[in-house]
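Heads up: the sequence lines are chains A, B and C, in that order. In terms of the working numbering, the first sequence has 157 at position 157, counting the first letter as 1, and numbering is strictly consecutive. In terms of the working numbering, the second sequence has 594 at position 226, counting the first letter as 1, and numbering is strictly consecutive. In terms of the working numbering, the third sequence has 971 at position 240, counting the first letter as 1, and numbering is strictly consecutive. C-beta atoms are modelled at their ideal positions from N, C-alpha and C, and glycine is treated no differently. Keep in mind it's a predicted model, so treat the numbers as computed, not measured. Structure first, commentary second.
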Amino acid sequence: MLRLERRATPSSTMSIASPLLAAAGMLVTGFLLFSALGKDPLEAFYLFFIKPLSSTYGIGELLLKTTPLLLCGLGLALGFRANVWNIGAEGQLTMGAIAGGGVALWFGDSDSSFAMPLMLLAGILGGMAWAAIPAFLRTRFNTNEILVTLMLVYIAQLMLSWLVHGPWRDPQGQNYPQSQGFGDAETMSVLINGTRVTWGIVYAVGLALIAWVFSEKTFAGFRMQVAGLAPAAAAYAGFSEKRNIWIALMLCGATAGLAGICEVAGPIGRLQQEISPGYGFAAIIVAWIGRLHPIGVVFGALLMSLLYLGGEAAQMGMGLPSAITGLFQGLLLFYLLAADLFIYFRLKRVGVVESPEPKPAIRVEGAV
Amino acid sequence: MQSSKIWKTIRLCLAAGLMATTSVAAFAAEPLKVAFVYLGPVGDGGWTQQHDMARKKLEAALGSAIKTTYVENVPETADSERVFRQLAADGNKLIFATSFGYMESLQKVAKLFPDVKFEHVNGFKTAPNISVYEPRFEEGFYLIGVVAGQMTKSNTLGFIGSFPIPSVMRNVDSMTLGALSVNPKVKMKPIWVNTWYDPGKERQAADTLIAQGADAVAQNTDSPASIQAAQEKGTYAFSIDADMSSFGKKAQLTGSTEDWSGYYIAETKKVLDGSWTGNRHTRWGIKEGMVVMAPLNPDIPPAAVKIFEDKKAAIVAGTLNPFAGPIKDSTGKEMVAANAAMSDATFNSLNWYVEGVEGSVPK
Amino acid sequence: MNPLIPMIASTVLAATPLIYAALGETVVERSGVLNLGIEGMMLIGAVAGFAATRSSGSDAVGFLAAAAAGVALSLIFGFLTLNLQTNQVATGLALTLFGIGLSAFVGHNLAGLPVARLAPITIPGLTAIPVIGDLLFHYDIMVYLSVALFIGVQWFLTKSRAGLTLRAIGESPGVAHAIGKPVLTTRYLAVMFGGATAGIAGAYLSLVQTPMWVEGMSAGKGWIALALVVFGTWKPARVVIGAYLFGGVTQFQLFAQGFGLPIPTEFLSMLPYAATVVVLVIICRDPKTILLNQPASLGHSFHSAA
């Protein structure tokens, strides 16, 4: 019988090999799944993984969808490292869109060069303000952030719904629930001609690099990691738990808020009732697939984005119902998550091994 | 043996890839590719299901002259633009967009693909290659009101609304007008649930209306929850989009459902023979068969059925317009003068309750 | 009839699935495992329960099938998080994605079909009592069983030996393991229990609340159930109160609308979410309470070499 044994140090070979293992497992499962459904597996793989990338436009779309996933994923990853369970990035994203979009509407069709910087700033501040509520309630009233962040998602969405049905409704829009379109100066310029990808992706990747430096090289980043790994040690060292919670939530609020404004000032170009197909929730998976490492999150976001596009392509190309694509996406994620096992553990034939000290969980799952 | 099949498929894939990149213009003998974009899943039991049924009827009617594709669960976010663009790039020449929230995406994509024809439901922005189509829901809801007004014992009707947008407001108002035309004592109570689909919440809204005395409740949300609630409480309800009588045989009096196939077949034929044009706004009602009343409940007395049938015939003949004046709003102000019809501008952006509806419009 | 009684009955109908799902998740979380896949397990339960009842004609078979389907899905989660040490949060979310897809795939021929609603039971003598009979003795069997489930979970967690072990494992799996407690087995059982109750919660939607199957019919109830566990600070009684509070506030805002309140309905719709936060703040404002309640190892993997 085989058994798992913890490696003394995470295997660097395996940290590269594990995604490949996952890919292999996925291909086998996908092959069986699609064959069983009477669909050609190779065509399905082609549609899922290659077709979306086969044109400049397709790559632009990949990057466009990566932007909010990466931004939210980055903020969440920093928070999860510090053991802050923010699962409401979707709400912070929505609030960022509201605040930034509000500024855009205030500018109207003005071609002021202040418009865009102020919109981005407002988006960031909007997300931060929304994240400040769980931070305040957690640090002042000890209220669990899982519940507060989740409930604030619904509240933010209803707030947006009220704004576009009521005060911010386009007066020329026959009372349809959407705002006026943003002016040219209030719309983000396109990065690559012929695509929809905006400067947002540049901000997102830049922030990933900054986050990497922050978390690996700065003292604040170190404090947060310690707090996540060993709360007792952190307290002993005099690191303030409250400050960590505030930093974690503010960072995520900022990145998610930026994601929101980039979405409405980018491809959408106005405020409307639906602005995100659940980026804030998908970003939680992105953060963990990226092993909570800022650079890993970049890859996680790219992959998640490809899964969305691939699912669409498979629907259009072979008439696979969206149920199948959802099922396949779920399976892929299972494999990806499971394959990381081999980084920290090895398979061994049964023998009597002494039990090592159980390590704090975050090391098992997250730190690279 | 297995491997030879794999290689064959790989070659096919490569060929497909090459074809996609070189993007050959459609071959003359190729069937017309028609695509449908759905907001919900095809199995939603209502709105999207009706569109997909019509797609199947279209395939059956035109056979090998066309080839249809559909994409389901397409959100009204930035994603819809990519789906439209991809469908156009894949060679679909006629694309039906079945939710009004796709309006802005369509505007953008239509400019990029001037040779692709787009059809958009319930929107108001057209283009040289975008036409808009819309059922006259108000006819269906007016007739629902006619039945409700005759069958109610408490003289209180209910309406479960999703969002107070014009196309839903028209239904509250026309149902109220229909009921008042046969029973001047009725009052209408609307409740807004702020969602298109949440069976649990719709159920709670229906229970609330019934508890507040409404014994004939219509809904503009997607699940049959209100019919099920009425079936249990012994009150009446009305279906929307699809016939939902299987969820409450005694409760469902009738309903306003859609049959899109007539329009889809007509428009596709126009594209095939080259007579399709953009910039049109088509409104089809009961006469054209886009709005179809669900079968009447056998418990409705013959006298009431007669009135219903007369009104329906008058609508079909064009002698009865649900929104003919005089119409007052819920504050008593005259909005449409006697002997006048509601203006298109008012109709398109309707955001007030007619007299007889309780409460004020949520702003 | 007093309109208050049907309002209460409707609240009970809305709260019951939340109670099943949230009580199950309470036990799961008390063992130190955070399963965010409730929504996916509910949908699988909903479709399995619907299909089984339709083909067998028996509600009992339906609910059992739903529980079994929920357990089956929870075993995937258990295998990944407990054996393969995957991250619980991400795995739970992936499970939700998977469950939504799988249920839609399995149930695509069932959409639009009717099934007889599980009828309320009549208790001779009691149901007929005016007011009280309507208020308390007019529900379907699953409502009473949810009360029984609450009592059972409460007893299990506070009084039973196994419950103490489970809590000890949730607090400190390392120590529990060191003194010979079966960490893995206990967590597996807890996860399976959570799967069963989530499945039953789903079947309550498809067999009682709105007897039908439609893709995605849980419409976010799994997330509310998750929030209720936190709301209840991992205590079964508070979890149940939270479910009734949530259902009740939703009912209240709809009721208020029926009287034509001049408040934007979006704000009224916010009420249940806002109320849950406010009440939790009041419960938790003493800094010591929550620290005593949140299972210390919640969400953390545990590996032992033995």
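Chain-ordered chain F contacts of residue i [CB-CB under 9 Å]
i	result
residue 98 (chain A)	Although the question refers to chain F, the structure presented lacks it and instead comprises the protein chains A, B and C.
For residue i, the nearest candidate out of the options (CA to CA)
i	options	result
residue 87 (chain A)	C:757, C:955 and C:865	C:955
residue 261 (chain A)	A:221, A:293, A:110 and A:204	A:204
residue 417 (chain B)	B:729, B:612 and B:548	B:612
residue 620 (chain B)	B:487, B:497 and B:515	B:515
residue 476 (chain B)	A:282, A:299 and A:194	A:194
residue 484 (chain B)	B:559, B:474 and B:729	B:474
residue 177 (chain A)	A:192, A:161, A:10 and A:188	A:161
residue 866 (chain C)	C:996, C:885, C:733 and C:1008	C:733
residue 136 (chain A)	C:933, C:1008 and C:890	C:1008
residue 199 (chain A)	A:29, A:265, A:151 and A:169	A:265
residue 738 (chain C)	B:691, B:633 and B:577	B:577
Sub-7 Å separation of residue i and residue j beta-carbons
i	j	result
residue 159 (chain A)	residue 130 (chain A)	no
residue 776 (chain C)	residue 797 (chain C)	yes
residue 308 (chain A)	residue 68 (chain A)	no
residue 961 (chain C)	residue 146 (chain A)	yes
residue 409 (chain B)	residue 460 (chain B)	no
residue 338 (chain A)	residue 811 (chain C)	yes
residue 1012 (chain C)	residue 139 (chain A)	no
residue 901 (chain C)	residue 763 (chain C)	yes
residue 801 (chain C)	residue 930 (chain C)	yes
residue 372 (chain A)	residue 311 (chain A)	Outside the modelled stretch of chain A, which goes from 1 to 368, sits residue 372 (chain A), for which no answer is possible.
residue 934 (chain C)	residue 749 (chain C)	no
residue 75 (chain A)	residue 255 (chain A)	yes
residue 946 (chain C)	residue 413 (chain B)	no
Euclidean distance between Cα positions of residue i and residue j
i	j	result
residue 828 (chain C)	residue 15 (chain A)	25 Å
residue 335 (chain A)	residue 803 (chain C)	18 Å
residue 714 (chain B)	residue 524 (chain B)	27 Å
residue 720 (chain B)	residue 664 (chain B)	30 Å
residue 100 (chain A)	residue 582 (chain B)	43 Å
residue 186 (chain A)	residue 84 (chain A)	34 Å
residue 53 (chain A)	residue 17 (chain A)	23 Å
residue 490 (chain B)	residue 421 (chain B)	19 Å
residue 197 (chain A)	residue 92 (chain A)	22 Å
residue 458 (chain B)	residue 703 (chain B)	49 Å
residue 991 (chain C)	residue 537 (chain B)	16 Å
residue 746 (chain C)	residue 154 (chain A)	18 Å
residue 1029 (chain C)	residue 241 (chain A)	18 Å
Any chain C beta carbon closer than 7 Å to residue i
i	result
residue 557 (chain B)	yes
residue 620 (chain B)	no
residue 35 (chain A)	no
residue 250 (chain A)	no
residue 45 (chain A)	no
residue 698 (chain B)	no
residue 284 (chain A)	yes
Min CB distance residue i to chain B below 7 Å
i	result
residue 788 (chain C)	no
residue 268 (chain A)	yes
residue 922 (chain C)	no
residue 860 (chain C)	no
Minimum Cβ-Cβ distance from residue i to chain A less than 7 Å
i	result
residue 666 (chain B)	no
residue 719 (chain B)	yes
| query | What residues in the segment 319 to 353 of chain A bring their beta carbon closer than 8 Å to a beta carbon of chain C? | reply | 321, 322, 323, 324, 325, 326, 327, 328, 329, 330, 331, 333, 334, 337, 338, 340, 341, 344, 345 and 353
| query | Given a limit of 7 Å on CB to CB distance, which residues of the segment 445 to 467 of chain B reach chain A? | reply | For the segment 445 to 467 of chain B, which is checked against every Cβ of chain A, the residues closer than 7 Å are 445, 446, 447, 449, 450, 451, 454, 455 and 458.
| For the segment 524 to 558 of chain B, which residues have a CB atom closer than 7 Å to at least one CB atom of chain A, in sequence order? | 531, 532, 533 and 534
| Contact list for the segment 947 to 977 of chain C against chain B, Cβ threshold 8 Å | 947, 948, 950, 951 and 952
| field | the segment 918 to 943 of chain C: positions lying closer than 8 Å to chain B by Cβ | value | Here the close residues are 936, 940, 941, 942 and 943.
| said: Tell me which residues of the segment 683 to 696 of chain B have at least one Cβ-Cβ distance to chain A shorter than 9 Å, keeping chain order. | reply: none
| request: Output, in sequence order along the chain, the residues in the segment 816 to 831 of chain C whose CB is closer than 8 Å to any CB in chain B. | output: none
| Interface positions of the segment 470 to 502 of chain B facing chain C (Cβ-Cβ less than 9 Å), listed along the chain | Listed in sequence order: no entries.
| query | Name the residues in the segment 128 to 154 of chain A whose C-beta lies less than 7 Å from a C-beta of chain C; which are they? | reply | Contact annotation: in the segment 128 to 154 of chain A, residues whose CB is within less than 7 Å of a CB in chain C are 137, 141, 142, 143, 144, 146, 147, 148, 150, 151 and 154.
| said: If the cut-off is 8 Å on Cβ atoms, which residues from the segment 158 to 191 of chain A count as contacting chain C, listed in chain order? | reply: 158, 159, 161, 162, 165 and 166
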